[in-house]
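There are 2 protein chains.
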Amino acid sequence: MTIYKAPLADFSFLFDRVLRLDALSNVPGFAEASGDTRGAILEEAGKLSEGVLLPLNESGDREGCRYDAKTHSVTTPKGFKEAYRQFTEGGWSGLASDPDYGGQGLPAVLALAVNEMVVATNWSFAMYPGLSHGAYSAIHTHGSEEQKATYLPKLVAGEWSGTMNLTEPQCGTDLGLIRTKAEPQKDGSYRITGTKIWISGGEQDLTANAIHLVLARISGAPEGIKGISLFIVPKFLVNADGTLGARNGVFCGGLEEKMGIHANATCVMNYEGATGYLIGEPHKGMRAMFTMMNEARLGVGLQGLAISEIAYQNAVAFARERLQGRSLTGPKNEGGPADPIIVHPDVRRMLMDVRAFNEGARALLLWTGLWGDLEYRSSDAKTREKGGDYMALLTPVLKAYFTDQGFQSAVTCQQVLGGSGFTKHFPIEQFVRDARIGMIYEGANGIQALDLVGRKLAQNGGRALFAFLADAGEVADALVARPEFKAYGDRLHETRKFLEDATKWLMENALANPDHAGASSYDYLYLTAYVALGLVWGRMVLAARKALDEGAGEKAFFEAKLVTARHFFERVLPAAQVHAVRAKAGADGLMALAAEAF
Amino acid sequence: MTIYKAPLADFSFLFDRVLRLDALSNVPGFAEASGDTRGAILEEAGKLSEGVLLPLNESGDREGCRYDAKTHSVTTPKGFKEAYRQFTEGGWSGLASDPDYGGQGLPAVLALAVNEMVVATNWSFAMYPGLSHGAYSAIHTHGSEEQKATYLPKLVAGEWSGTMNLTEPQCGTDLGLIRTKAEPQKDGSYRITGTKIWISGGEQDLTANAIHLVLARISGAPEGIKGISLFIVPKFLVNADGTLGARNGVFCGGLEEKMGIHANATCVMNYEGATGYLIGEPHKGMRAMFTMMNEARLGVGLQGLAISEIAYQNAVAFARERLQGRSLTGPKNEGGPADPIIVHPDVRRMLMDVRAFNEGARALLLWTGLWGDLEYRSSDAKTREKGGDYMALLTPVLKAYFTDQGFQSAVTCQQVLGGSGFTKHFPIEQFVRDARIGMIYEGANGIQALDLVGRKLAQNGGRALFAFLADAGEVADALVARPEFKAYGDRLHETRKFLEDATKWLMENALANPDHAGASSYDYLYLTAYVALGLVWGRMVLAARKALDEGAGEKAFFEAKLVTARHFFERVLPAAQVHAVRAKAGADGLMALAAEAF
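Order-wise, the sequence lines are chains A and B. Count along the first sequence from 1, add 560, and you get the number used in my numbering. Count along the second sequence from 1, add 560, and you get the number used in my numbering.
Below you can see the structure in the form of structure tokens.
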């Protein structure tokens, strides 16, 4: 029996008291997402997640997707089709999409909260509409007016799905090695030929059509990454009147057998002279693809949080019920044969670690997501700039840190269950298997670290990082100013200093030897994550204190928030120290062995 | 394709130059394990592992064990029976067993090296003889002469297997809750009735008989842990002449579905008035069981190392072959389309982390195992005492730290493979699933930490820990004395000081509030592990330096050892800092939330 209860109180706290969305009602879309509406939307999304998606999570894992080689078709697990129908009919696929194409135009930050619940209760399911939204964004940003009119309404409505086709057998991270060919045709379209692998939702039985976004190389294009273009390849061609036309030459060639996310079809996709349409300019496919990828990367970070939350809830339920041993300070359940294991400090250490991650990650995700909204929606140019800066800086950080920790949370929660956690009687072993992919796809986490250090950091002379350090410093000052939180503020200042020092070290060393940047990158990303978490935890501490001072209801909630904050500042944030050491350790030791000597 | 090459050079280095076994030829059994013999034994074990066990690892995972409800029988995967025959015919099951019962009497430390290879290549297989050896030890230590004569020769030869039956549905960690009943019979035997769960190898088709060691409560016994006795319950009763007699009333009731180790049968065992024979005294079953458990715990720690080694080898092979991107310092494979990913510092960071663990853990395991031999075999009372002290102190540390890190290694190596690592085309996802159980069984790792802090630490006034701190200090001094290793010695001194401080903190706080001990225990265990690893790494550094100074052959090996040592001291050991902070953070924050508030 899997437990899940939508974390609605935490969403309210963050939206109402930390991010204070109601003060942003002048930003387009935010007035439509006022307190009551937000509450109602999140409650409905919670019901859908708890009532429709959760019951299919385990059965989906056991059954998996089935491939029929004769028809090249894929059948999703029992119940997925009906659940997808309910999902789209409820309007969930177009929550934050452009109203011009049938979307509801609500803030993206609200969609993040909704998606946390959807992913938590059914990661595999959530990927189908998730990737469609990525395709929507790429076409919305880079497509022609005609392309937008043809594809976006269907994607927004969820009638058609979208997929991302990047990887080929010889190239994952290094997209410059792509071989899929695009031959220009007289009518302006292209003939696409090649094989793509690991295509999530490449084929399924949920939607009437699938819009594949495909990276390919136009004949005669420059070598490497500068010769890659992006194409729209619909499964069924679309007639001028919008109805479905001929079956296009793209077929699923098989499904990947994998460790987890069994209910999501991971497809080999064969392009056999399929008709494709260029999006944007020739050879500029990577730019368009990055629009999809950045959005997808934040979405993957979200997956880490989501799995951690549901793992936590199930571990807590177990720890409250399982009777083993007695509290070291005397029986707490005298009438029973033993105490519930939640009395043991070491069990609480595990639960509190996960809890502190969940609450901090949720705050950081929504804080970042709000900057994403402001980037596009704010009327103030400076705010838009800062929004873009923060989204660029923090997306790789959230992707990597959240998926690492989300997986770790699932493992920790599995540990709380002891032997039960290793069996299939409980859902957590599936959470561990599902969570593992988050660290890998949409750019393995090491790639995120290189993106941060090699690209994001230096943009605009480090403008984003310096603003971020200043913001963190302000929060630390505010904590230090209150005696009860002074130790937290000191710790945050210390962590901020680690990041500053590591940045200085990079500036002084990476130019002379670029391997130093690579050697430092992962720990640098972790330092950034710790500062970011410290920042949002500081803001939560101050907001919770304020609520208590004002005598707000839900006193127990705010008090619990302060307990979790204490755990974060006392036991989690000190881990930044070791990353500070490693971020400056350099490449020499790592590069000393010859490849043959490993 | 799974790769494995027995790490024979590292075994030689450790046995010959670090532990210097040849200086111990006056200890019984050691003269028979001189350099050449050792080499030959390890080479043969390597061949068995590479040639017989490895090819069955993946197929065993896919096929799993099958249960037939009609006959209560279990079929192990294809090839296991034949492999088991080769294993026992080669004499591997009795390598370090008592020659009085057909064993070879070789040092246990040698058997550890053999077992590393056996487990690495087939974890599930290795558990069958592994548990038999646990049963051997319990009977050897606590059984009557008659029991020894009846059961030991068959266990040593591997003709019969042994199993451990502790857990029941209502009790895992808390064995005081055991309900299985033992009713005394007129002939001195007992009728055993009850249900045991999670019994590894409880039923299988490899051996002619199975000797179940079962914890049960004699009618009228005191409540709780003080009323538990240990029984021998053979699957087939044994006639006076040693032949097999009647089928006993113990039956497998089903197999557990689980995340990994699919080729090892995890059984529900139903005792239906089965005939059992008391081992040792009534109500003293826990003592006898601890003999088995301590041995098993060291064996589980070994599993963490073993899986890490094979994961490493496969990740290295992938990283050498997979071409993606270019080195940040310019192409290293100019003729090819891209460089192998082993040129990237962040890939090396992952590989070096795992490598440093493997080499350190192997050294620490064998160092500890040697103390185990000396505990039983040394002619010097002081040495026997110290051997016992170190085995007691370090067994929980190795069990917990090695299995945590072994799992982490498998995850890290999976990360090196990127998307490939998540698919079943490569073996690493299986390693991750298999490795996960190590952190749970034979006492979850949190229990190991409590064993260390609550039991082992205080024994004999902390004698073991003080000797250990002194030994580590000596190694640190020796490092400091050599300018090239001074930084390593300083770091080890610092880590040693962390452990000393944490010990002092425990002495000052845990008495007033025992929850402080629980809150500190896990990080305290990690501090102990870091000091222990620092100690053996220090010894390896000095031994490698000496070998180089002496101009020994295999120069590249010793140089590589120093590179890995550098990684350990520069990038791994600094992690002790955060454990030093947490070990003194206390219980107040952890215990602040009411159970309902989680």
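Ideal placement from N, C-alpha and C gives every residue a C-beta, glycine not left out. Quick caveat: nothing in here was measured; it's all calculated off a predicted structure.
- Taking a contact to require three or more Cβ pairs closer than 8 Å, the region 1040-1047 of chain B and the region 909-918 of chain A do not qualify as touching.
- Look at the region 894-923 of chain B: the residues with a C-beta under 9 Å from a C-beta of chain A are P897, A898, P900, I901, I902, V903, H904, P905, D906, V907, R908, R909, M910, L911, M912 and R915.
- Per the C-alpha coordinates, the member of B:V669, B:G920, B:A995 and B:G1111 positioned closest to B:H1127 is B:G920.
- When DSSP reads this structure, B:K818 sits in a beta bridge with A:T983.
- Taking the Cα of A:R751 as reference, the smallest distance to any Cα among A:T740, A:S760 and A:I759 is reached at A:T740.
- Here the alpha carbon of A:F791 sits roughly 6 Å from the alpha carbon of A:G836.
- Note: B:M846 is not bridge-paired with any residue in the DSSP secondary-structure output.
- Two segments are said to touch when three or more pairs of C-beta atoms, one from each, lie closer than 8 Å; by this definition the region 874-882 of chain B does not touch the region 825-843 of chain B.
- Of all C-beta pairs linking the region 1044-1051 of chain A to the region 1019-1033 of chain A, fewer than three are shorter than 8 Å, placing the two stretches out of contact.
- Bounds of any beta strand (DSSP E) do not take in B:L737, whose DSSP letter is neither H nor E.
- Among the residues of chain B, those whose CB is under 7 Å from the CB of A:S1081 are D906, following chain order.
- The beta-carbon distance between B:G998 and B:F967, rounded to whole angstroms, is 7 Å. This is short enough to meet the 8 Å contact definition.
- Against chain B, a Cβ distance below 7 Å from A:T983 picks out E816, E817 and K818.
- For A:L883, a Cβ of chain B is located within less than 9 Å of the residue's own Cβ.
- CA-CA distance, A:K786 to A:H843, rounds to 6 Å.
- Between the alpha carbons of B:V774 and B:D1083 lies a distance of about 33 Å.
- Contact with chain B is found for A:H1127, since one of that chain's Cβ atoms lies less than 9 Å from the residue's Cβ.
- B:V876 reaches chain A at F1158, counting residues in chain order whose Cβ is nearer than 8 Å.
- If you draw a straight line from the Cα of B:E881 to the Cα of B:E817, it comes to about 36 Å.
- Excluding sequence positions up to five before and after A:P956, its CB lies within less than 6 Å of the CB of Q1008, D1011 and L1012, all in the same chain and listed in chain order.
- Neighbours of A:E989 across chain B, judged by C-beta separation under 9 Å: K818, M819, G820, R993 and R996.
- A:N830 carries a strand assignment under DSSP once its states are collapsed to helix, strand and coil.
- Per the Cβ contact rule, the region 645-662 of chain A is in contact with the region 715-734 of chain A (3 or more Cβ pairs under 8 Å).
- CA-CA distance, B:R996 to B:V860, rounds to 11 Å.
- Among the CB atoms of chain A, none fall inside 9 Å of the CB of B:T755.
- With contacts defined by Cβ atoms closer than 9 Å, B:K946 and B:W927 do not form a contacting pair.
- For A:R922, the number of other beta carbons within 10 angstroms of its own is at least 16, and it is reported as buried.
- By the rule that beta-carbons nearer than 9 Å mark a contact, B:W1065 does not touch chain A.
- The C-alpha of A:E841 lies about 10 Å from the C-alpha of A:G703.
- Counted as a single uninterrupted DSSP element, the alpha helix (DSSP H) harbouring A:L925 occupies residues P905 to R937.
- For the pair B:R1105 and B:E1044, the CB atoms are nearer than the 9 Å cut-off.
- Against chain A, the CB of B:F967 has a partner CB under 9 Å away; the residue lies at that interface.
- Counted as a single uninterrupted DSSP element, the alpha helix (DSSP H) harbouring B:M951 occupies residues A941 to V976.
- The Cβ of A:I867 sits no closer than 9 Å to any Cβ of chain B.
- The C-beta of B:N1073 comes closer than 9 Å to at least one C-beta of chain A.
- For the region 1133-1153 of chain A, residues whose beta-carbon sits nearer than 8 Å to a beta-carbon of chain B comprise P1134, A1135, Q1137, V1138, V1141, R1142, A1145, A1147, G1149, L1150, M1151, A1152 and L1153.
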